[in-house]
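Colleague: Sequential numbering of the sequence shown, starting at 168, is according to my numbering.
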Amino acid sequence: MTLYGVDLSNNNWGGQPAAAIVSALNEIISEGFTWIEHKVSEGNYYRDPYWPTVWDWAQQTGNLVVGYHYVTTNDAAQQAQTYLANDPSNGAAPCMLDFEANSGDITNFWAVWNAFVAAGVNMRLSYIPHWYWQQIGSPDLSGVVGLVSSAYYEEGNYASAEYADAGGDNGQGWTGYGGATPVIWQFTDAALVAGMSVDANAFRGSVDDLRSLLGIGGLFMALTDAEQQELLQKVREVWDQLRGPNGQGWPQLGQNAQGQNLTPVDALASVKNSIEGKQ
């Protein structure tokens, strides 16, 4: 089974208001794409203004998204903080490092990766195209998490057609390098999607496999902050009803032999015992 995703950034939106891109996001999914990667930040100086909208949309619709950071040679810790400052998920969203032109050597990659991990970001993917890997001396990639390759087939067609023409599941983008095997292949930068020409990716596996790769769990991982707050409030309300205010029982239910207020469970047990005693 092959799933398709798209790779987007501010460059795709033509300066339109962030709220205006929601219809395009919906269209992308309706055209059969399973996930969306979107830029969050670059270096220690740029925050993509569209990522917060993409994340909020994903939370409301349940669609899969990945945030990515374009690596530069700026201070690694500052890059992590730039990312987090623009991420409403506070690092929970699956993150990909975009490591290519002007990103430095493999030592810099690991410095930035480790800084993101230390900052609590959910690090899942590493976009290190073969051409850049060669440019920086073909270093060992065996320790890289979630290698994403790129080998472009450009014919300005629908993504599935371009993927098939590029070799499909046997295409060159699946060939390993540096001791690592790609888990995602960015096979074109010219797929026709939702009226745009965009980068498109392929993943070989099921939706559950993709969710596992991205570190996305079940229902609770998809709750928004507001939903989590609502859940907490309801749990507290249930606690109060079962245990009474501050866990001290309910005076209107009576007291036990020690003078302590009864809880609903205590009161039911007392009624049960009373009924059984009369039988």
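Ideal Cβ placement from N, Cα and C applies to all residues, glycine included.
Excluding sequence positions up to five away, which residues of its chain have a Cβ less than 6 Å from the Cβ of F283?
Modeller: So the qualifying residues of the chain are A247 and M290.
Colleague: Helix, strand or coil: how does DSSP classify N193 here?
Modeller: The answer is helix: DSSP assigns N193 an H, G or I state.
Colleague: What residue range does the beta strand (DSSP E) around D356 cover?
Modeller: I351 to V360 is the extent of the beta strand (DSSP E) around D356.
Colleague: When the Cα atoms are used, what is the spatial distance from W277 to G343?
Modeller: Spanning the two alpha carbons is a distance of roughly 20 Å.
Colleague: Grouping DSSP H, G and I as helix and E and B as strand, with all else coil, what is M388?
Modeller: Its pLDDT being 48, under 50, M388 is placed unreliably by the model, and the measurement read from it follows with that caveat. Looking at M388 - three-state DSSP - the assignment turns out to be helix.
Colleague: I need the straight-line Cα distance from G411 to E443, nearest angstrom please.
Modeller: About 26 Å.
Colleague: Per DSSP, which one or two residues make a beta bridge with I303?
Modeller: For I303, which the question treats as bridged, DSSP gives no partner whatsoever.
Colleague: Could you give the DSSP three-state label for W180: helix, strand or coil?
Modeller: W180 falls in the coil class under three-state DSSP.
Colleague: The beta strand (DSSP E) with S208 in it runs from where to where?
Modeller: Note, S208: beta strand (DSSP E), W202 to E209.
Colleague: Taking the beta carbon of P184 as the centre, do at least 16 other beta carbons fall within 10 Å, making it buried, or is it exposed?
Modeller: Looking at its Cβ environment, which holds fewer than 16 other Cβ atoms inside 10 Å, P184 is exposed.
Colleague: Who are the near neighbours of I303 in its chain, counting only those whose CB is closer than 7 Å to its CB and skipping five residues on each side?
Modeller: Cβ neighbours of I303 beyond the five flanking positions: D272 and I273.
Colleague: In angstroms with no decimal places, state the Cα-to-Cα distance between Y171 and W417.
Modeller: For Y171 and W417, the distance between alpha carbons rounds to 57 Å.
Colleague: How is N281 classed by DSSP in three states: helix, strand or coil?
Modeller: Three-state DSSP puts N281 in a helix.
Colleague: Specify, as a first and last residue, the run of the alpha helix (DSSP H) that D376 falls within.
Modeller: From DSSP, the alpha helix (DSSP H) with D376 extends over V374 to L380.
Colleague: Run through the DSSP bridge pairs and tell me what V173 is partnered with.
Modeller: According to DSSP, which records beta bridges pairwise, V173 is partnered with I203 and A367.
Colleague: Does DSSP classify L251 as helix, strand or coil?
Modeller: Residue state, collapsed to three classes: helix.
Colleague: Which same chain residues, not among the five before or five after S317, have their C-beta less than 6 Å away from its C-beta?
Modeller: Here the set comprises P296 and Q353.
Colleague: Is it a yes or a no for the region 351 to 370 touching the region 330 to 342, going by three-plus beta-carbon pairs under 8 Å?
Modeller: Yes: at least three Cβ pairs fall under 8 Å.
Colleague: How would you write the range of the beta strand (DSSP E) that W417 sits in, first residue to last?
Modeller: Per DSSP, W417 belongs to the beta strand (DSSP E) from W417 to Q422.
Colleague: For N253, count neighbouring C-beta atoms within 10 Å of its own C-beta (all shown protein chains included) and say buried if the count is 16 or more, exposed if not.
Modeller: Under this definition N253 is a buried residue.
Colleague: Are there 16 or more other CB atoms within 10 angstroms of the CB of Y294, so buried, or fewer, so exposed?
Modeller: So Y294 counts as buried.
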